[in-house]
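What follows is a short report on a single structure.
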Amino acid sequence: MQSSKFLGAASALVMALGFVPNNVHAAGAPAGTVINSTADVSYTVGTVATTANSNLVTVTVIEVIDVNVTAQTANVTVNPGDTTQVSTYWVDNIGNSAETFLLTLNNAVTSDQFDPIAATPAIYLDSGGGAATAGIYDSSDIVYVPGSNDPALAADARAVVFVVNDIPGNALDGQLGISRLSATSRTGTDVPGTPFPNGGNGINGVVDAVIGVSTGTDSGDTTYLIAGVSVTAAKTQAVVDTWGGSRPVPGARINYSIAVNTTGTGTATNVVFTDNIPPNTTYVPGSLALDAVAVTDAVDLPDDGDYVAASGPTPARIRVPLGSLNTAAGTKTVTFSVVIN
Amino acid sequence: MIKGNRFYGLVAIAAACLGSPAFAQDKDPGCIVLKSVAEIEQTVVNAKGEKTTKLVPASTALPGVEVIWTVTANNICKVPSEKVTINNAVPEHMTYVANSAMGPGTDITYSLDGKTFGTAEQLTVKADGAQRQARADEYRHIRWVFKNSLQPGAQAFARFRAVLN
Numbered sequence: 055m056q057s058s059k060f061l062g063a064a065s066a067l068v069m070a071l072g073f074v075p076n077n078v079h080a081a082g083a084p085a086g087t088v089i090n091s092t093a094d095v096s097y098t099v100g101t102v103a104t105t106a107n108s109n110l111v112t113v114t115v116i117e118v119i120d121v122n123v124t125a126q127t128a129n130v131t132v133n134p135g136d137t138t139q140v141s142t143y144w145v146d147n148i149g150n151s152a153e154t155f156l157l158t159l160n161n162a163v164t165s166d167q168f169d170p171i172a173a174t175p176a177i178y179l180d181s182g183g184g185a186a187t188a189g190i191y192d193s194s195d196i197v198y199v200p201g202s203n204d205p206a207l208a209a210d211a212r213a214v215v216f217v218v219n220d221i222p223g224n225a226l227d228g229q230l231g232i233s234r235l236s237a238t239s240r241t242g243t244d245v246p247g248t249p250f251p252n253g254g255n256g257i258n259g260v261v262d263a264v265i266g267v268s269t270g271t272d273s274g275d276t277t278y279l280i281a282g283v284s285v286t287a288a289k290t291q292a293v294v295d296t297w298g299g300s301r302p303v304p305g306a307r308i309n310y311s312i313a314v315n316t317t318g319t320g321t322a323t324n325v326v327f328t329d330n331i332p333p334n335t336t337y338v339p340g341s342l343a344l345d346a347v348a349v350t351d352a353v354d355l356p357d358d359g360d361y362v363a364a365s366g367p368t369p370a371r372i373r374v375p376l377g378s379l380n381t382a383a384g385t386k387t388v389t390f391s392v393v394i395n
Numbered sequence: 640m641i642k643g644n645r646f647y648g649l650v651a652i653a654a655a656c657l658g659s660p661a662f663a664q665d666k667d668p669g670c671i672v673l674k675s676v677a678e679i680e681q682t683v684v685n686a687k688g689e690k691t692t693k694l695v696p697a698s699t700a701l702p703g704v705e706v707i708w709t710v711t712a713n714n715i716c717k718v719p720s721e722k723v724t725i726n727n728a729v730p731e732h733m734t735y736v737a738n739s740a741m742g743p744g745t746d747i748t749y750s751l752d753g754k755t756f757g758t759a760e761q762l763t764v765k766a767d768g769a770q771r772q773a774r775a776d777e778y779r780h781i782r783w784v785f786k787n788s789l790q791p792g793a794q795a796f797a798r799f800r801a802v803l804n
């Protein structure tokens with residue numbers, strides 16, 4: 055016992071020198087673990103064989119305070135004015151003992167172009183529960199209240215945290231907005247190697263705690279990219295009369311061409327182009343085409359285009375689903391023809 | 640018995656230079672007193688501003704830290720000890736550091752199970768149905784066999800390093 059008292063004094067010296075391990079493992083040997091070692095020796099004196107043991111040497115594992123925060127989807131594309139954008143984070147206790155962490159949200163990061171608007175409340179703790187809802191943001195998740203339900207994590211344990219933000223309506227296409235979640239050890243933060251004698255959260259008063267490489271705090275970023283998109287259609291017409299001229303007389307044919315263009319960095323999904331057949335004209339069956347490839351008039355799949363006959367007050371129209379459009383998709387050209395009654 | 644204990648305490652102080660009080664010892668220590676110590680390497684800056692390393696006794700350690708285990712054997716009898724063999728298990732939660740075992744005038748062997756000892760080349764493990772050479776991080780025991788007898792008053796020395804997992 056006396057010898058261990060001496061070694062305790064030696065350990066204080068070690069800590070005072072600010073020793074910093076350069077390869078702290080995630081968790082590793084649990085804090086407070088007492089590692090024993092005894093050597094033995096065998097030898098002979100004359101003809102007598104003897105064995106002996108050394109003193110027992112004990113080394114107690116110090117508590118390392120370390121945390122890792124990772125955004126599960128680092129980059130999210132949004133539109134201006136989008137609401138309830140949910141980001142999932144993992145807060146991992148990579149130390150070797152239980153520790154409690156304060157969560158904070160910072161949407162005012164200066165290295166971006168707009169500030170996401172934190173919802174009220176903005177931070178939720180995953181309720182876990184059944185496997186069906188674990189890791190999924192839903193109504194059963196728990197509002198995080200700093201100081202009240204700070205995640206208390208055993209070594210190697212993980213808290214799943216959700217952050218809810220709105221996107222400002224005045225954010226511009228191509229702008230970035232960063233939302234940063236931080237988890238900070240309730241024991242303290244400091245440069246790696248800083249000791250908390252008899253500190254730490256898991257085994258207070260039993261062993262020393264030391265700040266690990268994370269400095270006792272870590273953060274993860276979700277970066278929102280405004281990916282605005284606008285789809286425009288430009289319609290042109292050419293009249294061909296029955297005599298080869300271009301007079302809009304009864305019996306003359308009008309060839310319509312509509313160029314559908316996409317601008318912006320985003321992608322418009324489920325784009326459907328529709329155009330009513332003008333009054334006093336009749337659709338020319340089989341004239342509908344997309345990018346100069348004829349599509350059938352029938353309302354069928356997987357054909358990209360239909361002619362839809364008039365129904366009550368709804369005039370006859372052509373309808374061409376264009377799917378997902380972005381600037382890379384280029385211009386989509388819809389053509390059809392009518393005859394003047 | 641009492642006499643032996645007191646003597647042992649003195650030897651411990653002399654051997655380790657720790658100024659530590661005596662260790663409890665239940666039986667006559669015999670001719671060889673074996674002493675084990677755990678230390679950690681520290682980088683210190685001396686008066687000239689140069690960085691040097693020194694060993695500091697460690698009763699606590701951080702995961703990832705390399706602990707240096709040193710065993711000293713002192714012959715306190717007036718006759719030589721022969722066939723001196725020191726054994727030390729790699730402590731639990733620790734991993735042996737390759738090529739770290741050393742001891743002047745010794746043949747060093749290793750063991751995975753504490754029963755079969757061999758050189759690095761001799762130790763194999765079965766993996767995926769085939770035998771392969773054991774890795775240093777799989778060694779669980781180290782043995783130092785001293786080639787020469789340990790003379791009266793002499794001290795023998797064995798050391799290895801292990802990383803706290």
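Protein chains in written order, with my numbering: chain A, 55 to 395; chain B, 640 to 804. For glycine and all other residues, C-beta sits at the position ideal for the given N, C-alpha and C.
Residues in its own chain within less than 8 Å of residue 330 of chain A by CB, not counting five upstream and five downstream?
Cβ neighbours of residue 330 of chain A beyond the five flanking positions: 369, 370 and 371.
Quick one: is residue 687 of chain B buried, meaning 16 or more other Cβ sit within 10 Å of its Cβ, or exposed?
So residue 687 of chain B counts as exposed.
Could you check how far apart the C-beta atoms of residue 152 of chain A and residue 276 of chain A are, in whole angstroms? I think they sit under 8 Å.
The Cβ separation is near 27 Å, so there is no contact.
Would you mind stating whether residue 692 of chain B and residue 699 of chain B have Cβ atoms separated by less than 8 Å?
Contact: no.
Below 6 Å CB to CB, which residues in the same chain sit around residue 301 of chain A once its five sequence neighbours on both sides are set aside?
These residues qualify, in order along the chain: 295.
Indicate whether at least one CB of chain D lies closer than 8 Å to the CB of residue 732 of chain B.
As a matter of chain content, chain D is missing from the structure shown, whose protein chains are A and B.
Can you have a look at residue 694 of chain B and say buried or exposed, based on whether 16 or more other CB atoms are within 10 angstroms of its CB?
With fewer than 16 other Cβ atoms within 10 Å, it is exposed.
Does residue 755 of chain B have its Cβ less than 8 Å from a Cβ in chain A?
No, residue 755 of chain B lies away from the interface with chain A (no Cβ there is under 8 Å from its Cβ).
Out of B:736, B:765, B:773 and B:793, point me to the one whose CA is closest to residue 706 of chain B's CA.
For the residues B:736, B:765, B:773 and B:793, the minimum Cα distance to residue 706 of chain B belongs to B:736.
Inspect the beta-carbon positions of residue 201 of chain A and residue 243 of chain A and report whether they are closer than 8 Å.
No, the Cβ-Cβ distance between residue 201 of chain A and residue 243 of chain A is not below 8 Å.
Considering only their Cβ atoms, is the gap separating residue 289 of chain A from residue 312 of chain A smaller than 8 Å?
Against a cut-off of 8 Å, the Cβ pair of residue 289 of chain A and residue 312 of chain A comes out as a contact.
What do you get for residue 199 of chain A, buried or exposed, if any count of 16 or more other CB atoms within 10 angstroms of its CB means buried?
Looking at its Cβ environment, which holds fewer than 16 other Cβ atoms inside 10 Å, residue 199 of chain A is exposed.
Please state whether DSSP places residue 272 of chain A in a helix, a strand or coil.
Strand at residue 272 of chain A.
Under three-state DSSP, which class holds residue 776 of chain B?
It is helical.
Rounded to the nearest angstrom, what separates residue 345 of chain A and residue 138 of chain A at their Cα positions?
Rounded to whole angstroms, residue 345 of chain A to residue 138 of chain A spans 38 Å at the Cα level.
Using a Cβ-Cβ distance cut-off of 8 Å, determine whether residue 116 of chain A contacts chain B.
Yes, because at least one Cβ of chain B sits closer than 8 Å to the Cβ of residue 116 of chain A.
Cα separation between residue 237 of chain A and residue 680 of chain B?
The alpha-carbon atoms of residue 237 of chain A and residue 680 of chain B are separated by roughly 32 Å.
Residue 755 of chain B by DSSP, collapsed to three states: which one?
Note: residue 755 of chain B maps to coil in three-state DSSP.
Hey, would you say residue 701 of chain B sits closer than 8 Å to residue 113 of chain A, going by beta carbons?
No, they are not a contact pair.
Could you check what DSSP says for residue 655 of chain B in three-state terms: helix, strand or coil?
With a pLDDT of only 38 at residue 655 of chain B, under 50, the local geometry of the prediction cannot be trusted, and the value read off the model is given with reservation. Residue state, collapsed to three classes: helix.
Taking a contact to mean a Cβ-Cβ separation below 8 Å, would you say residue 283 of chain A touches residue 343 of chain A in this structure?
Their beta carbons are not under 8 Å apart, which means residue 283 of chain A does not touch residue 343 of chain A by this criterion.
Which residue's Cα is closest to the Cα of residue 116 of chain A: A:130, A:127, A:100 and A:87?
Comparing Cα-Cα distances from residue 116 of chain A to each of A:130, A:127, A:100 and A:87, the minimum goes to A:87.
Is the CB of residue 675 of chain B under 8 Å away from at least one CB in chain A?
Taking Cβ atoms only, chain A reaches closer than 8 Å to residue 675 of chain B, which makes this a yes.
For residue 164 of chain A, does the three-state DSSP call read helix, strand or coil?
Coil.
Taking all protein chains shown into account, do 16 or more other C-beta atoms lie within 10 angstroms of the C-beta of residue 391 of chain A, making it buried, or fewer, making it exposed?
By the neighbour-count rule (16 or more Cβ atoms within 10 Å), residue 391 of chain A is buried.
Give me the Cα-Cα distance between residue 740 of chain B and residue 798 of chain B, rounded to the nearest whole angstrom.
Those two C-alpha atoms are separated by around 6 Å.
Assess contact between the region 707 to 714 of chain B and the region 778 to 793 of chain B, defined as three or more Cβ pairs (one per stretch) separated by less than 8 Å. Is contact present?
Because the criterion of three Cβ pairs below 8 Å is met, the region 707 to 714 of chain B and the region 778 to 793 of chain B touch.
Taking only runs that begin and end inside the region 307 to 343 of chain A, name each unbroken beta strand (DSSP E) of 3 or more residues, in chain order.
Within the region 307 to 343 of chain A, the complete beta strand (DSSP E) runs of at least 3 residues are 307 to 318, 322 to 330 and 335 to 337.
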